[in-house]
Structure formats: C-alpha cells, structure tokens
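Take any residue in the sequence shown, count from 1 to its spot, add 70: that is its number in the working numbering.
Note that beta-carbon positions come from the ideal geometry of N, C-alpha and C, so glycine has one too.
These notes concern the structure reproduced below.
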Amino acid sequence: MTRYAIIDFETNGLMPDSGGRAIEVAAVLVQDNRIVDSWQSLMNPDVRVPPFITALTGITPLMVRTSPPPEKVMAEIAAFVGDATMVAHNASFDRKFWQYELGRIGVPCAHEFLCTVLLARRLYPWAPITNWPRWSTCTTSRWMVDITVRWPMPA
C-alpha cells in the first residue's frame with residue numbers, strides 16, 4: 071500500500087531565515103495511486119503580504135488577516151499527513167517551510183520529501199523545468215484546484 075502527501079506552501083517570502091512565513095498550505099493524500107483526501111488552509115502569521123505575492127497567488131492581506139494562526143493550521147496539517155512521504159514541486163522550498171513552521175510549535179517533522187523538479191530533470195533532461203507547469207487552470211500559482219481537476223477524488 072503506497073501512501074504519500076502532495077504538499078504546497080504559499081509564502082510571503084522565499085526563506086524562513088529572512089523573515090518568510092507560510093500564508094497557505096495545501097495537501098492531497100494519495101493512496102494506491104488515488105487521491106483519497108485533501109486539506110487546505112490559509113494562515114495568519116501576522117506578516118505583510120507584498121503586492122507581488124498577491125499578484126502571484128491571489129492571496130490578499132485581508133484573506134490572511136482573517137485566517138487562523140499558523141500554530142493551529144500546522145498542527146492540523148501535521149495530523150492530516152501523518153507519517154506519509156511528502157511530495158512537492160521544488161521540495162527544498164516546501165521542506166524549509168514545513169520544518170520551520172512545525173519547529174515553531176514543537177512538532178516533529180522528519181518526513182522524507184520527494185521532489186518533482188528533480189524527478190522531471192532526471193526523466194526529461196532536455197526539457198526546461200522551472201516552476202509549476204504552465205497548464206494551470208487558474209490565474210494564480212495556487213495548485214489545489216489544478217491537481218484535483220486533473221486527478222479527481224473518488225465520489
């Protein structure tokens with residue numbers, strides 16, 4: 071039985087070390103090659119949301135201001151994914167925020183991460199691999215809609 075969680079963070083910056091914080095996290099659980107559950111939440115770490123981030127993600131300062139605190143959100147998503155292997159596009163980015171946000175609340179975060187960027191570069195070394203694929207169905211970088219449209223959950 072194969073079980074993993076595909077995860078994505080939206081943040082207000084690039085690195086937790088330089089003040090970046092998670093403002094949204096989403097995950098889908100996949101078991102035996104089928105999406106079995108999904109989870110998403112914005113969070114309010116009491117940080118500025120730059121206009122560039124709003125343009126990129128569609129997440130506004132008001133959306134963040136009215137969201138639950140990171141402590142609650144991160145505890146919930148840690149319970150949601152359990153001990154599943156994590157999968158992320160550019161996993162080094164998502165892993166940093168996963169470890170930082172869970173570390174702030176004292177939750178162990180020793181999950182193994184698989185990176186779809188590295189996998190794509192290995193399988194298709196001639197192809198230009200950059201950000202999340204350009205086949206997005208929405209105008210922002212937020213991918214929960216994209217992944218569930220292309221890989222629907224069972225009814």
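Check: Given that a residue counts as buried once 16 or more other Cβ atoms are within 10 Å of its Cβ, and exposed if not, what is Pro138?
Finding: Translated into the one-based positions of the sequence shown, residue 138 becomes position 68. So Pro138 counts as exposed.
Next item on the list: Return the first residue and the last residue of the beta strand (DSSP E) that Arg104 is part of.
Entry: Mapped onto the sequence shown, residue 104 falls at position 34. Where Arg104 is concerned, the enclosing beta strand (DSSP E) stretches over Arg104 to Leu112.
Notebook entry, point to check: Quick one: what does DSSP say Glu146 is sitting in, helix, strand or coil?
Noted result: Here residue 146 refers to the residue found at position 76 when the sequence shown is read from its first residue. For Glu146, the secondary structure class from DSSP, reduced to helix, strand or coil, is helix.
Check: Is the region 128-146 touching the region 171-178 in the sense that three or more CB pairs, one from each, lie closer than 8 Å?
Finding: yes
Next item on the list: Could you work out which residue in Leu193, Asp164, Val95 and Ala190 is closest to His283 when comparing CA atoms only?
Entry: Since the displayed the chain opens at 71 and closes at 225, residue 283 lies outside it and no answer follows.
Checklist line | Same chain, Cβ closer than 6 Å to Pro115, neighbours up to 5 away in sequence not counted | finding: Translated into positions along the sequence shown, residue 115 becomes position 45. Counting only residues of its own chain and dropping the five nearest sequence neighbours on each side, Pro115 has a CB closer than 6 Å to the CB of Arg91 and Pro140.
Check: Using 8 Å as the threshold, is the region 119-129 in touch with the region 95-109, meaning 3 or more CB pairs across them?
Finding: Segments in contact, no.
Next item on the list: Spatial neighbours of Pro131 within its chain, please: CB distance less than 6 Å, with the 5 preceding and 5 following residues excluded, ordered by chain position.
Entry: In the sequence shown, counting from the first residue as 1, residue 131 sits at position 61. Excluding residues within five positions, the ones whose Cβ falls inside 6 Å are Val119.
Next item on the list: Tell me whether the beta-carbon of Val157 lies closer than 8 Å to the beta-carbon of Leu184.
Entry: Residue 157 sits at position 87 when you count from the first residue of the sequence shown. Residue 184 sits at position 114 when you count from the first residue of the sequence shown. For Val157 and Leu184, yes; Cβs fall inside 8 Å.
Check: Counting only beta-carbon atoms, is Arg174 nearer than 8 Å to chain D?
Finding: Annotation note: the requested chain D is absent from the structure, which comprises a single protein chain.
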